[in-house]
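Protein chains in written order, with the numbering used here: chain A, 1 to 158; chain B, 1 to 287. Here the structure is laid out as structure tokens; the discussion comes afterwards.
What follows is the structure, encoded as structure tokens:
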């Protein structure tokens with residue numbers, strides 16, 4: 001099972017890794033590239049803590065082989081912040097207390113980032129449906145919904 | 001969790017994928033991977049060789065000709081949901097796809113993977129039965145088209161021959177007097193159905209000229225509730241008839257007992273889902 005060379009763009013920078021075909025993207029991100037923002041939760045594509053953005057879509061990186069990401073544009077939570085500081089989505093989660101322990105937050109942020117491009121002005125119902133692939137065990141979701149709404153409002157004003 | 005070791009090839013065409021299946025014993029196709037990879041992590045499935053068919057353009061896309069819609073096997077669930085062609089001409093597929101897994105999984109999960117995997121919990125097989133779909137299979141000896149009815153043989157067992165690939169799905173476009181209904185009971189987002197029921201009716205005024213009722217996750221494979229269909233065909237549907245239909249559906253069910261419920265509960269829920277889907281389909285046929 002020879003290792004394969006895989007190249008992709010991660011948060012705007014080209015990266016080259018050498019991986020076994022069985023290596024999952026979440027492990028490459030965390031252990032090879034030392035980006036530990038995306039979390040390993042359920043490992044069975046239910047919880048969404050490992051959500052990253054690949055070629056403009058939200059994907060659970062625990063259920064994607066790194067070799068499958070070859071040639072892709074990958075964005076992880078580390079790529080959200082810019083020179084001005086927190087991304088609008090991150091600021092909204094902070095302002096609305098959309099997190100408690102924070103474990104699910106990187107996935108929530110990355111899903112919100114993409115969801116609000118798919119649907120810039122969502123209703124509460126649409127937010128619940130659009131965010132349904134991300135589980136949170138602390139907040140009871142209400143403040144997460146508020147954070148997504150606030151982010152939507154601030155993104156439209158930005 | 002990491003799957004055990006395997007070799008990987010990204011196929012460039014269907015012919016390349018078939019040649020690769022032939023050349024590598026026990027190789028498996030990697031479609032969306034959201035059923036296969038979790039199974040491989042848990043060692044429920046093992047394969048020394050995965051053939052990735054995600055890059056094959058000829059397996060993607062949705063088109064319509066002469067009242068028949070052709071859907072490439074590697075079309076994702078979210079592509080089904082976003083398709084204006086399907087929203088207009090085959091709403092059942094859109095409604096079913098909306099209730100598959102969650103947004104992230106629907107970006108990767110494909111209709112072909114869902115149909116060919118053979119898991120009785122998958123949603124599309126029963127939808128295929130209700131739509132009377134045809135499946136286009138390509139193998140070393142060429143291409144054949146088979147009806148979905150008869151394709152689902154048991155748990156992880158379909159009519160797919162060795163070295164064959166499901167390349168496309170053909171479904172009839174909805175026409176005047178035809179209605180679609182879909183009901184699925186699940187415990188939470190991302191879970192498989194406790195029971196699901198896609199229904200297609202063809203109405204002649206108040207009379208049901210024809211009906212197909214599919215059932216999800218209440219037998220070793222997706223099934224048609226044929227006895228229940230026979231009760232309805234040629235009749236006007238009223239409460240007394242629906243009571244008979246419910247009994248017949250409970251008879252038809254043979255669910256596996258698991259954390260979603262026992263046999264009695266699941267069979268009863270299948271009957272309720274079917275009842276609601278029948279009423280919904282008749283209502284939609286009028287629209």
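The beta carbon of each residue, even a glycine, is placed where N, CA and C say it ideally should be.
Residue range 62-65 is occupied by the beta strand (DSSP E) that includes residue 63(B).
Looking at the DSSP output, residue 7(A) shares a beta bridge with 16(A). Rounded to whole angstroms, the Cβ separation of residue 130(B) and residue 213(B) is 7 angstroms, and the two are in contact under 8 angstroms. About 41 angstroms separates the beta carbon of residue 155(B) from that of residue 205(B), a gap too long to meet the 8 angstroms contact definition. Residue 74(B) is not a Cβ neighbour of residue 41(B), given a cutoff of 7 angstroms.
The beta carbons of residue 72(B) and residue 59(B) sit closer together than 7 angstroms. The Cβ atoms of residue 107(A) and residue 49(A) lie closer than 7 angstroms to each other. Here residue 207(B) is exposed: its Cβ has fewer than 16 other Cβ atoms, across all protein chains shown, within 10 Å. Judged by DSSP secondary structure, residue 49(B) falls outside any alpha helix (DSSP H) and instead within the beta strand (DSSP E) spanning 49-52. Taking CB atoms only, residue 2(B) has a neighbour in chain A less than 7 angstroms away.
Taking 7 angstroms as the threshold, the shortest C-beta distance from residue 124(B) to chain A does not fall below it. In chain B, no part has a C-beta under 8 angstroms from the C-beta of residue 76(A); the shortest such distance is about 14 angstroms. The beta carbon of residue 91(B) sits no closer than 7 angstroms to any beta carbon of chain A.
Closest in C-alpha terms to residue 149(A), from the list 33(A), 5(A), 126(A), 30(A), comes 126(A). By the criterion of at least three beta-carbon pairs nearer than 8 angstroms, the stretch 89-97 of chain A is in contact with the stretch 139-147 of chain A.
Only 98, 101, 102, 103, 104, 105, 106, 107 from the stretch 96-107 of chain B bring a Cβ to less than 9 angstroms from some Cβ of chain A. For residue 152(B), there is no enclosing alpha helix (DSSP H); the enclosing beta strand (DSSP E) has its first and last residue at 152-154.
Beyond the five residues adjoining it in sequence on each side, residue 29(B) comes within less than 6 angstroms, by CB distance, of 51, 53 in the same chain, given in chain order. Sequence-ordered contacts of the stretch 27-52 of chain A with chain B read 27, 43, 44, 45, 46, 48, 51 [C-beta pairs closer than 8 angstroms]. By the neighbour-count definition (other C-beta atoms within 10 Å, threshold 16), residue 136(A) is a buried residue. Beta-carbon to beta-carbon, residue 281(B) and residue 181(B) are separated by about 3 angstroms, close enough to satisfy the 8 angstroms threshold. Ranking 45(A), 56(A), 41(A), 35(A) by CA distance to the CA of residue 38(B) puts 45(A) first. For residue 210(B), the pairing in a beta bridge is given by DSSP as 202(B). In the same chain as residue 11(B), and ignoring 5 residues on each side of it, the C-beta atoms closer than 8 angstroms to its own belong to 17, 20, 51, 52, 53, 55, 56, in chain order. One thing to note: residue 151(A) has its Cβ no nearer than 7 angstroms to the Cβ of residue 67(A). For the pair of segments examined, the stretch 126-145 of chain B was found not to touch the stretch 232-247 of chain B: the number of CB pairs separated by less than 8 angstroms stays below three. In summary, the residues of the stretch 163-196 of chain B whose CB is separated from some CB of chain A by less than 8 angstroms are 189, 190, in the order they occur in the chain. Along the stretch 60-108 of chain A, the beta strand (DSSP E) occurs as fully enclosed runs of 3 or more residues at 73-75, listed in sequence order. Put simply, of 199(B), 226(B), 244(B), 143(B) the residue whose alpha carbon is nearest the alpha carbon of residue 15(B) is 143(B). For a Cβ distance threshold of 7 angstroms, residue set 33, 34, 37, 38 of chain B lies close to residue 63(A), ordered along the chain. For residue 147(B), the enclosing beta strand (DSSP E) stretches over residues 142-147. Of the residues 279(B), 145(B), 186(B), the one whose Cα lies closest to the Cα of residue 265(B) is 186(B).
Residue 166(B) places its beta carbon less than 7 angstroms from that of residue 135(B). Within the DSSP secondary-structure output, residue 182(B) pairs in a beta bridge with 198(B). Short of 6 angstroms from the beta carbon of residue 17(A), and not among the five residues preceding or following it, lie these beta carbons of its own chain, in chain order: 6, 28, 32. For residue 217(B), no chain A residue has a Cβ inside 7 angstroms of its Cβ, as the nearest lies near 17 angstroms away.
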